[in-house]
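In the UniProt record's numbering, the protein residues as written are 1 to 345. Note that the Cβ used here is the ideal one computed from N, Cα and C, for glycine as well. No experiment lies behind these values; they were computed from the predicted model shown. For reference, the structure is listed below as structure tokens.
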């Protein structure tokens, strides 16, 4: 089978896709055809090496190809595995029964399973992300191999005290029992240990953000050994700050300033956003809480009539938005945003 690859055609198509905003990787990514060609060429080279010497002297020869679809981090590609007459060829680039090539994809399946998704829900999620469906059987074959490790990770003991804990959510769509698209969220709990290391404490999933759910998350942390959290950084998720106060009453709760700013700007007319942001910066970049309160008063005098909802939001959440002012500049930069945990999604 010929593996000739028209690089000029690929280059022309890649340029057009990039102009159209198509990603380099992911579903239908620009680089998927190139990856497909490289892997198929590598398989041909493997068989050439296998048939060199003793195998060829014993009469072993090429014997056509076997095609299959393989999932990769760049989407689904077609692999044409060359065969030999004697059946002694065991390819290593893409193994005979290998259906998922990208380690990141297998890790994604394991992560989704670890937080309670069914194999059907995982299939739905990955179909949306990669553009083709992975069977429940394939997913089960992966999860079955690592189930002991998953349970061990979910139930592992935690430290007694964590100086800082961040919590943030990543949202995705799945199909419900009636085949309707619904939004789900994965909540990642990331901590800074007393030794200065970052540790992912847990991943949780729920259909809602009710108080019972948050109490369940915090109870899980308690049951695994956590006795105190000094500072908890959250993105304003409903009910979570109150749940923290009930389970860890000494914990300082800091709402994410970046999320608060984004939510504020949504209500400001585009023509005023630049000036409004300049005035708002005087609030959250103030030297201390007193200066921040003065800047918020000035902001309300200037913009309160036009954007009362924005001012009210800052007033209602003021104590938890400004908790970081009691710490040094170095600590402030760490805790006033949940961007740290967003990097783990």
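Any non-hydrogen atom of the ligand GTP closer than 7 angstroms to residue i Cβ
i: residue 235; result: In the structure on display, the ligand GTP does not appear, and there are no ligands present to speak of.
N- and C-terminal bounds of the alpha helix (DSSP H) containing residue i
i: residue 99; result: Taken as a continuous stretch (DSSP letters only), residue 99 belongs to no alpha helix (DSSP H), as it is neither H nor E.
i: residue 333; result: 329-335
i: residue 284; result: 273-284
i: residue 320; result: 318-321
i: residue 246; result: 240-247
i: residue 300; result: 289-303
Beta strand (DSSP E) segment containing residue i, residue limits
i: residue 253; result: 252-255
i: residue 228; result: 228-234
Contact check, residue i vs residue j, beta carbons under 8 angstroms
i: residue 78; j: residue 69; result: yes
i: residue 262; j: residue 157; result: no
i: residue 72; j: residue 35; result: yes
i: residue 321; j: residue 229; result: no
i: residue 226; j: residue 267; result: no
i: residue 168; j: residue 235; result: yes
i: residue 163; j: residue 200; result: no
i: residue 90; j: residue 60; result: no
i: residue 279; j: residue 294; result: no
i: residue 231; j: residue 205; result: no
i: residue 283; j: residue 292; result: yes
i: residue 264; j: residue 328; result: no
i: residue 51; j: residue 94; result: no
i: residue 190; j: residue 166; result: yes
i: residue 325; j: residue 288; result: yes
i: residue 406; j: residue 88; result: The shown model of the chain, from 1 to 345, leaves out residue 406, and the question about it has no answer.
Expected contact under 8 angstroms - CB spacing of residue i and residue j to nearest Å
i: residue 331; j: residue 254; result: About 10 angstroms; that fails the 8 angstroms criterion.
i: residue 220; j: residue 202; result: 7 angstroms
i: residue 161; j: residue 194; result: 6 angstroms
i: residue 252; j: residue 323; result: 5 angstroms
i: residue 32; j: residue 64; result: That belief does not hold up - the Cβ atoms of residue 32 and residue 64 are roughly 25 angstroms apart, past 8 angstroms.
For residue i: DSSP bridge partner residues
i: residue 170; result: 186
i: residue 194; result: Answer is none; residue 194 lacks a bridge partner.
i: residue 202; result: 189
i: residue 65; result: 82
i: residue 72; result: 75
i: residue 261; result: The partner list for residue 261 (beta bridge, DSSP) is empty, contrary to what the question assumes.
i: residue 217; result: Paired residues: none, contrary to the question.
i: residue 365; result: Past the boundaries of the shown model lies residue 365; the chain is included only from 1 to 345, so the question cannot be answered.
i: residue 308; result: None, per the DSSP bridge assignment.
Exercise. Do the region 242-261 and the region 215-231 meet, that is, are 3 or more Cβ pairs less than 8 angstroms apart?
Worked result: yes
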